[in-house]
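Trainee: If you scroll down you'll find the structure; I have some questions about it.
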Amino acid sequence: MNRTAEALRKKDAVAVLREHGIKVSHQRVLVLEYLLEHDTHPTVDTIYQDLLPHVPGLSKTTVYNTVRLFVEKGIAQELTIEGTEFRYDIADPSHAHFKCVRCGALYDLPLPQELSAALRVPPGFRLEESHLYLKGVCPSCTRTN
C-alpha cells in the first residue's frame with residue numbers, strides 16, 4: 001500500500017469526505033469506514049448485506065450511489081476484472097490485483113516502482129486512471145491440487 005492509501009486509512013472518515021468535497025451523511029461515513037476496514041474488494045451487494053443489520057433503513061441504491069461518488073472523487077476505485085462483477089477498493093495506484101481462476105479470490109499485489117515508472121504516458125497525454133489485473137492460481141489452490 002502506498003503512503004497516500006496508508007494515510008487515507010488512518011484518517012477519520014468524516015475528514016476524508018470533507019477533504020474530497022463530499023457532504024457528510026451517516027450512510028456515507030459507514031460505507032467509507034467499511035471500505036477502509038475491509039480490503040476484500042467487496043461488491044455493492046456485500047457492502048449492503050454487511051451494513052444492513054447496523055442500518056435497517058439502508059438501501060442498495062444508496063450503497064451503489066455512494067461507492068460511485070467515491071470513485072468519481074478519487075477515494076475508491078471500481079474493479080471490473082471479469083467485466084460482469086464490479087468490486088470496490090480504496091484508490092491506491094501502488095498495487096495490482098490478482099484473481100484466482102479457481103476460487104475467485106481477489107488479492108492485492110505490490111506494484112514495483114520500476115513498473116510504475118515504465119508505465120508513464122508520453123508528453124501531452126493525461127492519465128486519469130490505470131489498473132493492472134493478473135489472473136492465475138493462488139497459493140491456497142495450488143497446494144490443494
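Residue numbers for the sequence shown follow UniProt numbering, so the first one is 1 and each next one is one higher. All C-beta atoms, glycine included, are put in the ideal place defined by N, C-alpha and C.
Are at least three pairs of beta-carbons, each pair with one atom in the region 37 to 44 and one in the region 75 to 88, less than 8 Å apart?
Mentor: Touching, yes, given that three or more Cβ pairs across the two stretches are closer than 8 Å.
Trainee: Figure out for me which residue from Pro56, Thr62 and Pro53 has the closest Cα to the Cα of Leu32.
Mentor: Stepping through the sequence shown from its first residue, residue 32 is reached at position 32. Comparing Cα-Cα distances from Leu32 to each of Pro56, Thr62 and Pro53, the minimum goes to Thr62.
Trainee: Using a Cβ-Cβ cut-off of 6 Å (strictly less than) and excluding sequence neighbours within five positions of Arg102, which residues of its own chain qualify?
Mentor: Position 102 of the sequence shown, counting from 1, holds the residue named residue 102. Hits under 6 Å: Val137 and Cys141.
Trainee: Determine, using beta carbons only, whether Leu109 and Phe125 come nearer to each other than 9 Å.
Mentor: Here the question's residue 109 lines up with position 109 in the sequence shown. Here the question's residue 125 lines up with position 125 in the sequence shown. For Leu109 and Phe125, no; Cβs fall outside 9 Å.
Trainee: Excluding the 5 residues flanking Leu52 on each side, which residues of the same chain have their C-beta closer than 6 Å to its C-beta?
Mentor: In the sequence shown, residue 52 corresponds to position 52, counting from 1. Excluding residues within five positions, the ones whose Cβ falls inside 6 Å are Leu58.
Trainee: Please state the DSSP three-state secondary structure of Leu132.
Mentor: Within the sequence shown, numbered from 1, the residue matching residue 132 stands at position 132. Coil, per DSSP.
Trainee: So the beta strand (DSSP E) Phe98 belongs to, where does it begin and stop?
Mentor: Here the question's residue 98 lines up with position 98 in the sequence shown. His95 to Cys100 is the extent of the beta strand (DSSP E) around Phe98.
Trainee: Just to confirm, is the Cβ distance from Ile81 to Tyr133 under 9 Å?
Mentor: Counted from its first residue, the sequence shown places residue 81 at position 81. Counted from its first residue, the sequence shown places residue 133 at position 133. Going by C-beta atoms, Ile81 is nearer than 9 Å to Tyr133.
Trainee: With Ile90 as the anchor, note down where its beta strand (DSSP E) starts and where it stops.
Mentor: Taking the first residue of the sequence shown as 1, we reach residue 90 at position 90. Arg87 to Ile90 is the span of the beta strand (DSSP E), which, as asked, contains Ile90.
Trainee: In chain order, what residues of the same chain lie with their CB nearer than 6 Å to the CB of Arg3, ignoring the 5 residues before and after it?
Mentor: Position 3 of the sequence shown, counted from the start, is the residue given in the question as residue 3. No answer about Arg3 holds up, because its pLDDT of 43 lies below 50 and its placement is not dependable.
Trainee: Decide if Arg120 is buried, meaning its Cβ has at least 16 other Cβ atoms within 10 Å, or exposed.
Mentor: Working through the sequence shown from its first residue, we reach residue 120 at position 120. It is exposed - the Cβ of Arg120 has fewer than 16 other Cβ atoms within 10 Å.
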